[in-house]
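Heads up: the structure comes next, in structure tokens.
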Amino acid sequence: MVSERIEIIEGDITRQQVDAIVNAANSSLLGGGGVDGAIHRAAGPELLAECRTLGGCPTGEARITRGYKLPARYVIHTVGPVWHGGDHNEDQLLAACYRNSLKLAVEHGVRTIAFPAISTGAYRFPLKRATRIALQEVKTSLEQEPSIAKVIFVCFGRHAYEVYREIAAEVLK
Ligand code: AR6
């Protein structure tokens with residue numbers, strides 16, 4: 001059962017002991033606020049130095065770096081869509097973030113990976129709609145990628161955690 005490889009927790013993604021954590025970055029890959037700021041602070045300045053060599057990343061795609069001072073070996077940086085009302089390809093771009101992050105993870109031998117709620121902060125994507133896309137896309141990818149043992153959705157705060165639990169009951173049944 002794919003649902004046994006998916007975990008939902010409340011917490012701080014920078015503390016997760018997994019092979020890779022995913023960063024909700026912007027297309028410059030040069031840092032920012034929210035989870036991006038927290039990851040750069042916890043990883044230390046070497047992370048920004050490596051990011052500078054990457055030349056940015058288009059929305060919906062992903063890039064990988066080392067994790068430096070983080071417990072995670074890798075950071076997978078993906079760029080979610082900014083919410084512009086829902087008819088600007090936002091759903092497809094958000095799904096692509098999850099799919100492309102997992103593809104990169106598989107290519108690097110990652111078996112355990114943690115995701116934040118991409119685009120649901122500064123980029124204003126509605127949380128329930130984003131959560132449905134996240135869970136559906138990860139479920140589909142896990143069905144095709146047996147090498148990923150565990151995906152952890154790290155919810156920042158009780159409200160996000162409750163939303164994820166509610167949507168998971170629909171999507172993962
Ligand atoms: N652990 C897990 N989740 C977190 C953490 C954390 N430590 N901190 C925040 N979140 P956001 P976006 C949650 O704004 O919407 C940055 O400036 C937060 O509650 O970090 O994709 C980038 O550089 C929210 O649910 O990312 C971009 O410019 C989720 O992470 C822009 O923000 C995503 O919120 C990207 O915006």
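Per this note's numbering, the very first residue in the sequence shown carries number 1; after that it's consecutive.
Here a beta-carbon is modelled for each residue, glycine too, at the ideal position from N, C-alpha and C.
Keep in mind the model is a prediction, meaning the values are calculated, not measured.
Any heavy atom of the ligand ZN within less than 6 Å of residue CB: hits in chain order: Looking for the ligand ZN in the displayed structure turns up nothing; the ligands present are the ligand AR6.
For Leu48 and Gln136, the rounded distance between their alpha carbons: Here the question's residue 136 lines up with position 136 in the sequence shown. Here the question's residue 48 lines up with position 48 in the sequence shown. Computed Cα separation, rounded: 32 Å.
Cβ-based neighbour list, Arg99, same chain, cut-off 7 Å, excluding 5 preceding and 5 following: Residue mapping note: residue 99 aligns to position 99 of the sequence shown, counting from 1. Excluding sequence neighbours, Arg99 sits near Glu137 and Ser141.
Ala134: first and last residue of the uninterrupted alpha helix (DSSP H) it sits in: Residue numbering aside, residue 134 sits at position 134 when the sequence shown is read from its first letter. From DSSP, the alpha helix (DSSP H) with Ala134 extends over Leu127 to Gln144.
Minimum Cβ-Cβ distance from Ala134 to chain B less than 8 Å: Considering every chain present, this structure includes no chain B. It has just one protein chain.
Of the residues Gly37, Gly55 and Thr14, the one placed nearest Ser27, counting alpha carbons only: If you number the sequence shown from 1, residue 27 lands on position 27. Among Gly37, Gly55 and Thr14, the Cα nearest to that of Ser27 is on Gly55.
CA-to-CA distance, Glu107 to Glu7, given in whole angstroms: In the sequence shown, residue 7 corresponds to position 7, counting from 1. In the sequence shown, residue 107 corresponds to position 107, counting from 1. Cα-Cα distance, rounded: 22 Å.
Residues sharing a beta bridge with Thr78, DSSP: Position 78 of the sequence shown, counting from 1, holds the residue named residue 78. Beta-bridge pairing links Thr78 to Ala24 and Ala62.
Rounded straight-line distance, which links the Cα of Ile76 to that of Gly37: As a position in the sequence shown, residue 37 is number 37, starting the count at 1. As a position in the sequence shown, residue 76 is number 76, starting the count at 1. Between Gly37 and Ile76, the C-alpha separation is close to 14 Å.
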